[in-house]
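Chemist: Count along the sequence shown from 1, then add 9; that gives the number in this note's numbering.
I am attaching a structure below and will ask some questions about it afterwards.
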Amino acid sequence: MNAERDAVPDDMVALKEALAAERARGVEIAAELAVARAKASEDSALIAQQKLQIAKLRHQIYGQRSERSSRLIEQLALTFEELEADATEDELSAEQAAARTTTVRGFTRKRAERQTFPEHLPRERVVINPPSACECCGGNRLRKIGEDVTRTLEAVPRQWKVVETVREKFSCRDCEKISQAPAPFHAVARGWAGPSLLAMIMFEKFGQHQPLNRQAERYALEGVPIALSTMADAVGSVCASLEPLLRLVEAHVMAAERLHADDTTVPVLAKGKTDTGRCWIYVRDDRPFGGADPPAAMFYYSRDRRGEHPQAHLAGYAGILQADAYEGYNQLYLAGRRPGPIREAACWVHARRPFFIMADIEENARRKASGKKDIPLSPIAIEMVQRIDALFEIERSINGTSAEERVRVRQTLSLPLVEDLQVYMREQLARLSRGHDLAKAFNYILKRWTSFTAFLDDGRICLSNNAAERGLRGIALGRKSWLFCGSDRGGRRAAAMYSLIVTAKMNGIDPQAWLADVLARIASHPAHRLDELLPWKWTPASALSARAA
């Protein structure tokens with residue numbers, strides 16, 4: 010201990026000076042701690058950002074190797090979001106603490122240069138009044154030598170307006186005939202809402218999973234109360250107006266050489282309970298084998314999961330169907346079917362899943378760290394996952410190439426791996442009991458070996474059914490928001506709007522902008538040219554007007 014420092018002064022003045030010095034020292038220590046905390050927060054945020062970027066890159070390159078990679082990325086994004094906010098708060102606290110001292114240097118985070126001002130955004134120039142006199146000598150002979158510009162990204166709150174379309178009447182002085190311009194076409198018959206408002210309501214409900222009652226609450230807070238029944242009436246009118254366009258999308262999907270199919274549960278309101286309905290999806294996406302036809306998705310709704318539903322959906326289809334091993338598809342694969350048999354192509358992701366559960370080393374480490382019981386890991390399952398991953402590694406190198414090129418590479422690289430895989434599975438199956446989980450997983454593949462190996466001879470076939478699962482992702486998210494469909498007809502309306510919105514997204518089109526433009530034009534658009542309004546052929550009316558000018 011330092012006796013001289015710890016000695017207590019005898020007089021009051023010295024005591025006050027010592028107290029002031031200790032207080033100043035306390036402020037400095039607090040500032041130093043605040044700066045250290047800010048630096049630590051910045052490091053944590055930077056580490057989280059790097060982990061998120063690595064996870065995204067790994068998912069992009071090795072996405073098939075982890076069943077939980079998408080969920081992991083979402084968790085990392087949330088962690089980074091929180092740590093970034095913490096780092097900013099700590100930075101501001103450190104600045105405030107350092108400002109109260111004269112010896113502690115403040116802390117400013119190193120931020121990457123970000124381009125947050127897209128060129129297409131309009132610019133509003135606000136010029137601050139310049140000084141009228143020199144700050145040094147007071148003279149007024151000032152000349153401009155340059156300027157500094159501070160850019161701020163701003164959002165304009167949603168604006169509401171009532172559009173009054175006036176049609177003046179004129180009377181002929183010679184024959185008293187009254188002349189008047191014809192009434193303009195409205196987005197929906199006897200409509201009250203403009204196309205942009207209708208598009209916003211529809212996209213919020215079916216694209217952003219916001220039920221009408223929540224939208225009505227929000228609009229009322231903005232000073233525009235709209236009755237729930239009025240909005241529901243608009244939904245029905247829009248669905249009826251878009252029905253011809255939906256049929257064109259359906260025809261395009263069902264004309265595909267290969268389809269991805271899947272289904273998911275949809276809660277449906279019933280008397281005193283909630284039933285479980287089904288939403289089916291059929292995806293046309295020829296991009297993996299270099300096809301030029303645009304991608305599209307068609308959704309259907311049913312009250313149950315009986316096989317008659319997919320059989321009715323695909324009654325006029327003949328081609329390749331990539332799906333899981335649902336028994337309801339079996340009638341579609343019969344040789345004598347009309348208009349022709351459908352060729353089954355199995356999904357290797359479904360086959361890989363049970364093995365991955367018994368080979369997830371990372372999940373076991375997380376369970377062990379949280380004190381939960383370990384999952385028994387199987388060396389056989391780990392070997393199977395590695396072998397299937399090798400097939401997906403080859404597929405990533407030929408994604409987007411022609412069907413012929415894909416077959417050539419598969420025959421050279423994938424065929425030997427598949428043959429070795431079959432031998433390995435049969436060897437391991439002979440050593441396992443019938444009820445073993447691994448035996449069930451092996452039999453799932455071996456009993457459908459023709460469907461699993463169809464990709465070796467046909468370059469149009471993919472290894473996975475991920476295209477359909479991606480299309481259903483929005484419904485999985487929406488279930489947590491809208492909870493259930495109100496009726497079977499509501500389920501069918503939802504399926505119709507999902508078809509249009511997901512198809513627009515698959516073609517890189519903003520669904521809300523597309524819906525607004527289509528609703529403004531569809532009533533007056535020639536019926537024989539309705540295909541011009543499809544997402545992959547769509548040209549906004551504003552662009553057409555610019556061309557005409």
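Ideal placement from N, C-alpha and C gives every residue a C-beta, glycine not left out.
Being a predicted model, the structure only gives us computed values, none of them experimental.
Quick one: grab the DSSP three-state call for Q331.
Modeler: Translated into the one-based positions of the sequence shown, residue 331 becomes position 322. Reduced to three states, the DSSP call for Q331 is strand.
Chemist: Would you say I470 reaches chain B, if we count a Cβ-Cβ gap shorter than 7 Å as a contact?
Modeler: Looking at the structure shown, chain B is missing, and only one protein chain is on hand.
Chemist: What residue from L486, V275 and I397 has the CA that sits closest to F461's CA?
Modeler: As a first step, residue 461 is located in the sequence shown; it is residue number 452 there, counting from the start. Relative to the Cα of F461, the nearest Cα in the group L486, V275 and I397 belongs to I397.
Chemist: What does the alpha-carbon distance come out to for the pair G155 and R114?
Modeler: The residue you call residue 155 lines up with position 146 of the sequence shown. The residue you call residue 114 lines up with position 105 of the sequence shown. Between G155 and R114, the C-alpha separation is close to 32 Å.
Chemist: Compute the beta-carbon to beta-carbon distance between P520 and G216, rounded to the nearest angstrom, for a pair I have assumed lies under 8 Å.
Modeler: Taking the sequence shown and counting its residues from 1, one reaches residue 520 at position 511. Taking the sequence shown and counting its residues from 1, one reaches residue 216 at position 207. That pair is a contact at about 6 Å.
Chemist: Can you tell which of T548, A532, W547 and P234 has its C-alpha closest to the C-alpha of V247?
Modeler: If you number the sequence shown from 1, residue 247 lands on position 238. Nearest Cα to V247 within the set T548, A532, W547 and P234: A532.
Chemist: For G468, count the other beta carbons within 10 Å of its own beta carbon; 16 or more makes it buried, fewer makes it exposed. Which is it?
Modeler: Locating residue 468 in the sequence shown gives position 459, counting from the first residue. Classification of G468: buried, given that the 10 Å Cβ count is 16 or more.
Chemist: Where does N408 land, buried or exposed, given buried means 16+ other C-beta within 10 angstroms?
Modeler: Indexing the sequence shown from 1 puts residue 408 at position 399. Per the 10 Å Cβ criterion, exposed.
Chemist: Please go through the same chain and pick out, in chain order, the residues whose beta-carbon is closer than 8 Å to the beta-carbon of T239, but skip the five residues on each side of it.
Modeler: As a working note, residue 239 is residue 230 in the sequence shown. Only W201 meet the Cβ criterion.
Chemist: Pick from Y338, P303, A327 and D302: whose alpha carbon is nearest that of H318?
Modeler: Walking along the sequence shown from the start, residue 318 turns up at place 309. Nearest option by C-alpha distance: Y338.
Chemist: In chain order, which continuous runs of the beta strand (DSSP E) of length 3 or greater are located wholly inside the region 303-369?
Modeler: 305-311, 329-331 and 352-354
Chemist: Let me make sure I understand the geometry here. Which of R405, P363 and S411 has the alpha-carbon closest to that of H445?
Modeler: On the sequence shown, position 436 is the one that residue 445 refers to. Checking every option, the nearest Cα to that of H445 belongs to P363.
Chemist: Jot down the residue ranges of each uninterrupted beta strand (DSSP E) in the region 133-175, minimum 3 residues, whole runs only, in chain order.
Modeler: none
Chemist: Ordered along the chain, which non-local residues of its own chain (more than five positions away) have a Cβ less than 7 Å from that of K456?
Modeler: Translated into positions along the sequence shown, residue 456 becomes position 447. Answer for K456: no residue qualifies.
Chemist: Do you know offhand how far Q73's Cα is from M307's?
Modeler: Mapped onto the sequence shown, residue 73 falls at position 64. Mapped onto the sequence shown, residue 307 falls at position 298. The pLDDT assigned to Q73 is 48, lower than 50, so where the model puts this residue is not dependable; a value taken from the coordinates is nonetheless given after this. Approximately 25 Å between the Cα atoms of the pair.
Chemist: Strictly by DSSP, which residues pair up with F179?
Modeler: Within the sequence shown, the letter at position 170 stands for residue 179. Per DSSP, S188.
Chemist: Checking the sheet assignment: what are the DSSP bridge partners for G500?
Modeler: Here residue 500 refers to the residue found at position 491 when the sequence shown is read from its first residue. Residue pairing by DSSP leaves G500 without any beta bridge partner.
Chemist: Cβ atoms of L323 and L343: under 7 Å apart, would you say?
Modeler: By one-based count along the sequence shown, residue 343 stands at place 334. By one-based count along the sequence shown, residue 323 stands at place 314. No; because the gap between Cβ atoms is not below 7 Å, this pair is not in contact.
Chemist: Check T285 in the structure and name its three-state DSSP category.
Modeler: Locating residue 285 in the sequence shown gives position 276, counting from the first residue. Of the three classes helix, strand and coil, the one that applies to T285 here is strand, per DSSP.
Chemist: My understanding is that D99 touches R152, with C-beta atoms under 8 Å, so please give their C-beta distance in whole angstroms.
Modeler: Locating residue 99 in the sequence shown gives position 90, where the first residue counts as 1. Locating residue 152 in the sequence shown gives position 143, where the first residue counts as 1. Contact flag wrong, Cβ pair sits at about 45 Å.
Chemist: From the DSSP output, read off the bridge partner residues of L268.
Modeler: Taking the sequence shown and counting its residues from 1, the one referred to as residue 268 is at position 259. In DSSP, L268 forms a bridge with L330.
Chemist: Under 8 Å by Cβ, that's how I've got R419 and L465 pegged, so tell me the actual separation to the nearest angstrom.
Modeler: Here residue 419 is taken as the residue at index 410 of the sequence shown, counted from 1. Here residue 465 is taken as the residue at index 456 of the sequence shown, counted from 1. With 8 Å as the limit, R419 and L465 qualify as a contact, their Cβ atoms being about 5 Å apart.
Chemist: Please go through the region 201-238 and give each complete alpha helix (DSSP H) segment of 4 or more residues, from N-terminal end onward.
Modeler: 204-215 and 221-230
Chemist: Taking the CB atoms as reference points, tell me whether E231 and Q224 lie closer together than 7 Å.
Modeler: As a first step, residue 231 is located in the sequence shown; it is residue number 222 there, counting from the start. As a first step, residue 224 is located in the sequence shown; it is residue number 215 there, counting from the start. Cβ distance not < 7 Å, so E231 and Q224 don't count as in contact.
Chemist: Using DSSP bridges, identify the partner residues of R293.
Modeler: As a first step, residue 293 is located in the sequence shown; it is residue number 284 there, counting from the start. Note: R293 sits in a beta bridge opposite A305.
Chemist: Assuming R267 contacts R287 (C-beta within less than 8 Å), just tell me the rounded distance between them.
Modeler: Start at 1 with the first residue of the sequence shown, and residue 267 comes out as number 258. Start at 1 with the first residue of the sequence shown, and residue 287 comes out as number 278. Between R287 and R267 the Cβ distance is about 22 Å, and since that is not below 8 Å, they are no contact.
Chemist: Does the beta-carbon of Y507 have 16 or more other beta-carbons within 10 angstroms, so that it is buried, or is it exposed?
Modeler: Stepping through the sequence shown from its first residue, residue 507 is reached at position 498. Buried: at least 16 other Cβ atoms inside 10 Å.
Chemist: Which word fits G35, buried or exposed, when buried means at least 16 other C-beta atoms lie within 10 angstroms of its C-beta?
Modeler: Locating residue 35 in the sequence shown gives position 26, counting from the first residue. G35 comes out exposed.
Chemist: Buried or exposed: which applies to M21, given that a residue is buried once 16 or more other Cβ atoms fall within 10 Å of its Cβ?
Modeler: As a first step, residue 21 is located in the sequence shown; it is residue number 12 there, counting from the start. Counting the other CB atoms within 10 Å of its CB gives M21 a total below 16, which places it among the exposed residues.
Chemist: Kindly indicate which three-state DSSP category W523 falls into: helix, strand or coil?
Modeler: Here residue 523 is taken as the residue at index 514 of the sequence shown, counted from 1. Of the three classes helix, strand and coil, the one that applies to W523 here is helix, per DSSP.
Chemist: Please state the DSSP three-state secondary structure of R67.
Modeler: Position 58 of the sequence shown, counted from the first residue, corresponds to residue 67. Helix, per DSSP.
Chemist: Check whether the region 422-438 and the region 389-403 touch, using three or more Cβ-Cβ pairs below 8 Å as the test.
Modeler: yes
Chemist: Among M367, F365, Y291 and G325, which one has its Cα closest to the Cα of G349?
Modeler: Stepping through the sequence shown from its first residue, residue 349 is reached at position 340. With respect to the C-alpha of G349, the residue from M367, F365, Y291 and G325 having the closest C-alpha is G325.
Chemist: Which of the three DSSP states is assigned to L465 in this structure?
Modeler: For the purposes of this step, residue 465 is identified with residue 456 of the sequence shown, where counting begins at 1. Helix, per DSSP.
Chemist: Tell me, to the nearest whole angstrom, how far the beta carbon of H269 is from that of Q331; I am working on the premise that it is less than 8 Å.
Modeler: Locating residue 269 in the sequence shown gives position 260, counting from the first residue. Locating residue 331 in the sequence shown gives position 322, counting from the first residue. A Cβ-Cβ separation of about 5 Å places H269 in contact with Q331 under the 8 Å criterion.
Chemist: Looking at N222 and L237, is the spacing between their C-beta atoms short of 7 Å?
Modeler: Within the sequence shown, residue 237 is the residue found at index 228, counting from 1. Within the sequence shown, residue 222 is the residue found at index 213, counting from 1. Cβ atoms of L237 and N222: closer than 7 Å.
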